[in-house]
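The next block holds one structure in the form of structure tokens; read it before the comments.
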Amino acid sequence: MAARAGASTLVLSDLHLGSRRLRDVLGLATLRAPLIARVREVERLVLLGDVFELFDIEVPEALALARPLLSSLGAAVGAHGQIVLVGGNHDHALFTRFIAGHLGAQREPLGLADWIEPSSDPALAAIAELVAPAELVVAYPGVWLRDDVYATHGHYLDRHITLPPALEAAMPNALRDFLRAPLRGDEFAPADYERALAPAYAAFRAARDVSLPAWLADLVVGVRGSTLSGVAGPLAAALPNSALAPLGAEALGLQLRRAGLRAMAEVIARLEIDAAHVIFGHIHRSGPLADDPLDDWVTATGTAMHNSGSWVYEPLLVGHSGPENPYWPGTCIAVGEHGPPSIERLLAGFEASELRR
9 MAARAGASTL
19 VLSDLHLGSR
29 RLRDVLGLAT
39 LRAPLIARVR
49 EVERLVLLGD
59 VFELFDIEVP
69 EALALARPLL
79 SSLGAAVGAH
89 GQIVLVGGNH
99 DHALFTRFIA
109 GHLGAQREPL
119 GLADWIEPSS
129 DPALAAIAEL
139 VAPAELVVAY
149 PGVWLRDDVY
159 ATHGHYLDRH
169 ITLPPALEAA
179 MPNALRDFLR
189 APLRGDEFAP
199 ADYERALAPA
209 YAAFRAARDV
219 SLPAWLADLV
229 VGVRGSTLSG
239 VAGPLAAALP
249 NSALAPLGAE
259 ALGLQLRRAG
269 LRAMAEVIAR
279 LEIDAAHVIF
289 GHIHRSGPLA
299 DDPLDDWVTA
309 TGTAMHNSGS
319 WVYEPLLVGH
329 SGPENPYWPG
339 TCIAVGEHGP
349 PSIERLLAGF
359 EASELRR
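Heads up, my numbering is the position in the sequence shown plus 8, with the first residue counted as 1.
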């Protein structure tokens with residue numbers, strides 16, 4: 009069943025439940041409470057990718073860890089509400105069976121917003137049980153929330169990202185080559201991005217089962233988190249201090265924001281996403297905020313971009329600042345029947361000491 013048009017909607021992304029590297033804050037009941045209270049007020053909740061950290065752990069363990077949160081969200085949405093699950097890169101393993109079924113020459117091509125029947129996959133069926141009595145709807149690689157509002161995780165932007173030189177220079181050669189490898193042509197279908205990215209995702213998952221020397225394991229941790237959001241946390245944590253020292257939290261965050269927005273604008277153009285508003289996650293940088301230059305958040309064709317931030321605490325980018333920092337966790341985006349999407353920051357009343365696990 010498709011997502012309901014016109015429903016009051018709350019969008020959040022990048023929960024990274026079960027991560028061994030990122031500090032997912034929703035494992036703490038006190039930090040879940042504001043989200044659960046807000047979800048009770050909407051008809052539809054969209055989980056916009058990287059809900060589960062499947063680069064670190066297997067699906068059964070991830071679902072066991074996510075059970076308290078998913079059950080609470082399902083109860084808050086209720087029997088008359090809907091939870092929409094959209095795939096990202098860190099939980100890409102949930103969608104590989106569906107994607108593979110659309111990549112063959114004689115098969116229906118992958119679209120911008122394809123629906124997946126939860127009963128078609130054991131893991132998705134298990135998630136549907138966890139969020140009951142709410143209805144689970146599964147979409148990939150994105151979902152139309154209104155005729156003029158499209159939402160996707162944003163991991164396709166990795167194929168267009170240009171990172172700050174200090175970070176790129178400190179990366180392993182294999183990762184640097186992966187990020188630099190160009191896509192060919194001017195226009196692409198989702199299948200083209202999937203073919204380009206899938207080998208890397210498979211390698212990241214396989215790497216967790218390999219016993220490595222400590223110094224090499226640190227680099228693999230960085231590679232596994234090598235999306236732009238990963239650079240903000242696990243990759244940067246694995247890089248030499250000499251690579252990060254010249255940047256500082258504010259400068260690093262600024263460079264990552266600009267790089268991420270440029271890359272996302274490229275995805276919107278290449279996929280010809282005809283929307284007034286595009287909501288995405290992935291880069292963990294909520295916005296646009298009050299102090300942001302709005303021109304940076306609008307594509308050349310006038311599409312307004314909105315980022316849903318994350319629910320992980322990243323000291324590297326938060327630095328010594330507080331809830332005013334755009335990388336502060338607890339962001340979601342509200343979408344009504346009319347008007348632009350609006351950012352809400354549900355953990356703005358908490359101190360950094362309360363976010364650490």
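For every residue, glycine included, the Cβ atom is placed at its ideal position computed from N, Cα and C.
None of the values given here were measured: they were computed from a predicted structure.
Cβ neighbours of Y209 within its own chain (closer than 6 Å, five residues either side excluded): H100. DSSP, read as helix, strand or coil, puts V59 in coil. If you look at F288, you'll find it in the beta strand (DSSP E) that goes H285 to F288.
Taking the Cα of L71 as reference, the smallest distance to any Cα among A134, R48 and G96 is reached at A134. Burial is judged here by how many other beta carbons sit within 10 angstroms of a residue's own beta carbon; H346 has fewer than 16 and is exposed.
Counting C-beta atoms within 10 angstroms of its own C-beta, A131 has 16 or more neighbours from the protein chains shown and is therefore classed as buried.
With contact defined as three or more Cβ pairs closer than 8 Å, the region 273-280 and the region 322-334 are not in contact. Taking all protein chains in view, the Cβ of P349 is crowded by 16 or more other Cβ atoms within 10 Å, so the residue is classified as buried. For G150, the enclosing beta strand (DSSP E) stretches over residues G150 to R154. When the beta-carbon positions are compared, Y321 and L363 come within less than 8 Å of each other.
Restricting attention to A108, S294, L39 and S361, the CA atom closest to the CA of L264 is found in S294.
Taken through DSSP and simplified to helix, strand or coil, R293 comes out as coil. For T160, the three-state secondary structure derived from DSSP is strand. R52 is positioned such that its CB atom lies no closer than 8 Å to that of V94.
Per DSSP, the continuous alpha helix (DSSP H) segment holding R75 begins and ends at V67 to V85. DSSP places E143 within a strand segment (E or B) once states are collapsed to three. Nearest in C-alpha terms to W123, of all of L111, P334 and F103, is F103.
Between the alpha carbons of D303 and N315 lies a gap of roughly 14 Å.
Looking from the CA of H98, the closest CA among G357, A206, A360 and H285 belongs to A206.
Look at E352 here: in three-state DSSP terms it is strand. The shortest C-alpha to C-alpha distance from H163 to any of A108, G338 and A204 is the one to A204. For a cut-off of 8 Å, the C-beta gap from G150 to A159 is around 6 Å, short enough to register as a contact. Between the beta-carbon of V157 and that of L81 there is about 21 Å, and that puts the pair past the 8 Å contact cut. If you draw a 10 Å sphere on the C-beta of R28, you find fewer than 16 other C-beta atoms in it, and that means exposed. Listed in chain order, the non-local C-beta contacts of I107 below 6 Å within the same chain comprise E202, local neighbours out to five positions each way being set aside. CA-to-CA, the gap between E274 and A312 works out to about 13 Å. Its chain contains L138 as the residues whose beta carbon lies nearer than 7 Å to that of S79, once the 5 sequence neighbours on both sides are disregarded; these appear in chain order. Boundaries for V19: no alpha helix (DSSP H) harbours it, while the beta strand (DSSP E) harbouring it runs T17 to L20, taken from the DSSP string.
Among the bridge pairs identified by DSSP, V306 is matched with A312.
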